[in-house]
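Here's the structure, in structure tokens; my notes come after.
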Amino acid sequence: MFPFSAIVAQDEMKRALMIAAVDRSIGGVLLFGDRGTGKSTAIRALASLLPKMRAVPGCPYNADPECELHECGFCSAPKRKTRLMPVPVVDLPLGVTEDRVVGALDIEKALVHGQKSFDPGLLARANRGFLYIDEVNLLEDHIVDLLLDVAASGENLVEREGLSVRHPARFVLVGSGNPEEGELRPQLLDRFGLAVDVKTSADVKGRVEVIKRRDAYERNDEAFRKKWSRADGTLRRKIVKARERLEEIELGDELLEKAAVLCMALGTDGSRGELTLIRAARAYAALSGAEAVALEHLRDVAPMALSHRLRRNPLDDSSASARVQRVLEQEF
Amino acid sequence: MPRKIPESDALTAALLFAVNPAGLGGVVLRSLSGPDRDAWVAELRRLLPDSAPFVKVPVNVGFDRLLGGLDFAATVGSGKPVFSTGLIESADDGVLCLAMAERIDDGAATIVAQALDTGSVRVERDGLAEKRASRIGVLAFDEGIEAEETVNAALRERLAMYVTADMLSEMCHEIRSATGRRRAAFSRNDVCAARVRLDDVTVPEGVLVLLVQTALAFGVSSVRAELLAAEAARTAAALLGKSEVGDEEAALAARLVLAPRATRLPAETPEESPPSDDATPPDDAPGDDESPSSATSLPDEMIVEAVRAAVPEGLLERLAGDRVERQAASSGRSNEKTKSRWRGRPVGVRPSSDLTTSRLNLLATLKAAAPWQTLRRREEPGHAAGGQPADNEAPRLLLRREDLHVNRYQDSVETSTIFVVDASGSQAAQRLAEVKGAIELLLNDCYVRRDQVALIAFRGDAAETLLPPTRALARAKRSLAALPGGGATPLANGLDAARELAVGVARQGRIPVIVLLTDGRANIDRNGEQGAERAGADALSAAKVLRAEGFRTLLVDTSRRPRASAKELGAAMGARYAPLPFADAASISATVQSKVA
């Protein structure tokens, strides 16, 4: 895994991922943009930044020992032991079949022993973690339908082969894609809390640095990771700290008002955008070590919280984030 | 060991690829099949180590074959799950060869691209979860002819080198000539030795800076291109027995990797937007007028010249205009980039028991049911223990609702709306503006329905496809805004162009809808001759052909008052007729949507 802190520039992309890691309720990140900008690298690197979580070893659903439904028998055992485990970042590969997403009858047990038992799918594995979809706009429609349903309810309900299983599936969706491959369904777009337009930079120094680091990583990934582990550790502590302080961050009424004005001026649908904007601003303030949300926090996260919620005008050439920027300048 | 890289770039590409297939991602071989291409492949195979697999992938490959999955026959036969290795995995440490790569669908292309990125395939199918190593290099046979017709962009970007037909014939020339034979004498042993050395070759920072500057100067935006260029330079150095990349290898890498990706020449002012109208394509005339203004970050002159000379002809003309020009008279092939998901063949199956709207896929259904038979038989009421059917009873397939699979392409069919705009002088300037306004409204509507749109304009003596079918509506708007008016009315040509495009669209499995905006007054016939009478007759006959094809058509009469000529034309086409003053977006959209076959 390429270290997160070794990714050159692309500050907005990194910021969005960090914010999503601080406050899961924001609802994930969509990275849309040019090829060769390190979108997938950043998302896959996120895994090593996430602070560990407590779970019962062997539990296929990574269930929270404290509060979740216990289907698997691991967690309901009287003398279960819990342990700190890495937060899962599960890749949803293209070409995945439905049975592997939601889980199905265990094929080996069915064939060899003629037994019926549930083999949990990727949604179970992603519980309490992140579900990553590369080339999200190429995902087949019926898989998207499954994800939308589960993402909304936080629970996976399987009814097939005479099995009836219900298990927690609360995951943060992270997607990446290239707009040239086609547009995203609005329903899916809406599920992503934050969206970032990732652009290539024309800075020679930065680009040379990208190549050098990539090369160093490919030659000796272990040494490279070691070299960056301190920087990654700093980021990880920042996330932990921000999570702890999240509830204490103050948010003044005038900022709430600003957020409302901004959303109104942009004509975003519903209150979802406003809510996301405020949450993201709060998480960002926590990450920056501030006591209260300031105007600059709001301003910095506004494009990523709102740009994908604008009512689309397909004939407007300017990018959505440029439109947000325009309104920001008018209103602030 | 030869100390010199071959003169032919095609040969060099084969050499570098043979040394470092996974590091370079691969090669796009853009040429029709033939002796030249065969010669290149033979050269590659001569150089590749014996142990390296060379796996061919047919164009209509399914995800299951590409990724691997459950081997149903073996599974049912042996009574335990048997994994069948996918094509990507079987090409591990070797070459995956994509036949007709320009027609491979986006999903398959992306799977190959992901394998290139991660050096592995992830299989989450048929109850299996596997991750398998697959360090592959991809050889993509691109048999596309028109510019738009090429390998999926995400995949192409990960393949370092592009070899064109011209480079191939040059290569064959070199192989045939005696000096060439002496020079092209790198052997398989040299390749193996270079592979060993590769890890120790370093790229000095100065070379990296040079490559990045060159990339930026030629408008190559993806960092991946530079990474691949650096890798190509390293590979060349390893081949030559050097421990550090020098300028020569850098120039070679820039020529092979960066040049085909150029989007502008460095002499141009590096502005965001391409020159608006009628930009004369910068002819390949180095030294002609070198503008020093953009010299701030201009890389080494030698490399720039190397790249400039290698920028494929025609590439920049295309980019300068930012549109693909097509003469109406060319043959009736599909002209969309072949990335459609709705081509004629079924794109796959999906589990569904809803057989009212989709057709059952028997094979997939049987496959889904097969592994569970033992289990189900055991659960059958009144079944004797042991799981064997009674001797005199034929084994019966126990099928359940969840086994049912249907063909997927039936689910929805997309529409491509082809706008055919009369931009002739009889459409006074102001009228043309109104027509453009009407189309803009319609574009909005197409967006809502996720239609594709295409734009054809006719004026003067020819029709021109301003925009092949696309979903990029902003582009449609741009080309519409740039459309000038004036000149005669070659109506028949316009209709012919529309028919040709519609046939291509239909062949891809989409429903074409033709929206013709004209006043119906033709004055140029098919041969480009003046004369209202001939022109009118030609237009009517073209209209009748459209009707015979059975396309859905709509004629928007753009004349001041509804005219008989337009009505007559509409009738000949079998089109719905709507005079512009009343042709609001809603009614036109309703027409476009109505299911008149």
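Chain order of the listed sequences is U and F.
Just so you know, numbering that gives the first Met the number 0 puts 274 at position 275 of the first sequence, and the rest follows in order with no gaps.
Just so you know, numbering that gives the first Met the number 0 puts 256 at position 257 of the second sequence, and the rest follows in order with no gaps.
Ideal Cβ placement from N, Cα and C applies to all residues, glycine included.
Owing to the predicted nature of the structure, the values given are computational and were not obtained by experimental measurement.
6 Å CB neighbourhood of residue i in its chain, flanking five on each side removed
i	result
residue 239/U	50
residue 211/F	225
residue 280/U	292, 296, 297, 300
residue 325/F	Residue placement at residue 325/F is poorly supported in this model, since its pLDDT is 28, which falls under 50; the coordinates are not used for a value here.
residue 159/F	23, 24, 227, 231, 256
residue 307/U	188, 194
residue 279/F	No answer about residue 279/F holds up, because its pLDDT of 40 lies below 50 and its placement is not dependable.
residue 522/F	487, 488, 531, 534
residue 23/U	171
Those residues which DSSP pairs with residue i across a bridge
i	result
residue 67/F	84/F
residue 132/F	119/F
residue 551/F	512/F
residue 131/U	90/U, 173/U
residue 243/F	201/F
residue 102/U	119/U
residue 535/F	According to DSSP, residue 535/F bridges with nothing at all.
residue 52/U	84/U
residue 451/F	415/F
residue 529/F	523/F
residue 28/U	173/U, 193/U
residue 603/F	Lying outside 0 to 596, the shown extent of chain F, residue 603/F is not represented and no answer is given.
Any C-beta of chain F under 8 Å from that of residue i
i	result
residue 173/U	no
residue 92/U	yes
residue 32/U	no
residue 163/U	no
residue 266/U	no
residue 206/U	yes
residue 323/U	no
residue 121/U	yes
residue 110/U	yes
residue 203/U	yes
residue 97/U	yes
Cut-off 7 Å between Cβ atoms - residues of its own chain near residue i, not counting five sequence neighbours on either side
i	result
residue 103/F	58, 97, 151
residue 185/U	none
residue 156/F	221, 223
residue 425/F	488, 518, 520
residue 550/F	501, 511, 513
residue 178/U	31
residue 249/F	206, 209, 210, 232, 302
Chain U within 8 Å of residue i, Cβ atoms only
i	result
residue 306/F	no
residue 103/F	no
residue 74/F	yes
residue 222/F	yes
residue 202/F	yes
residue 350/F	yes
residue 368/F	no
residue 434/F	no
residue 517/F	no
Nearest-angstrom beta carbon gap, residue j and residue i [assumed within contact, 8 Å]
i	j	result
residue 21/U	residue 245/U	7 Å
residue 519/F	residue 556/F	7 Å
residue 498/F	residue 545/F	5 Å
residue 605/F	residue 244/F	A question about residue 605/F goes unanswered here, because the residues of chain F that appear run from 0 up to 596.
residue 630/F	residue 370/F	The structure shown does not extend to residue 630/F, since chain F is modelled only from 0 through 596, so no value can be given for it.
residue 81/F	residue 73/F	4 Å
Own chain residues within Cβ distance below 8 Å of residue i, not counting five before or after
i	result
residue 95/U	121, 142
residue 203/F	243, 244
residue 53/F	44, 47, 90, 93, 94, 96
contact_flag[the segment 131 to 145 of chain U, the segment 110 to 121 of chain U] where n(CB pairs < 8 Å) is 3 or more: Too few Cβ pairs lie closer than 8 Å, so no.
Any 3 or more C-beta pairs closer than 8 Å across the segment 139 to 156 of chain U and the segment 191 to 205 of chain U: no
The segment 48 to 67 of chain F contacting the segment 116 to 133 of chain F, beta-carbon criterion three pairs below 8 Å: Enough Cβ pairs lie closer than 8 Å, so yes.
At least three beta-carbon pairs within less than 8 Å, the segment 40 to 49 of chain U to the segment 225 to 235 of chain U: yes
Any 3 or more C-beta pairs closer than 8 Å across the segment 198 to 210 of chain U and the segment 199 to 213 of chain F: yes
Any 3 or more C-beta pairs closer than 8 Å across the segment 14 to 22 of chain F and the segment 132 to 140 of chain F: yes
Three CB pairs or more closer than 8 Å across the segment 468 to 478 of chain F and the segment 435 to 442 of chain F: yes
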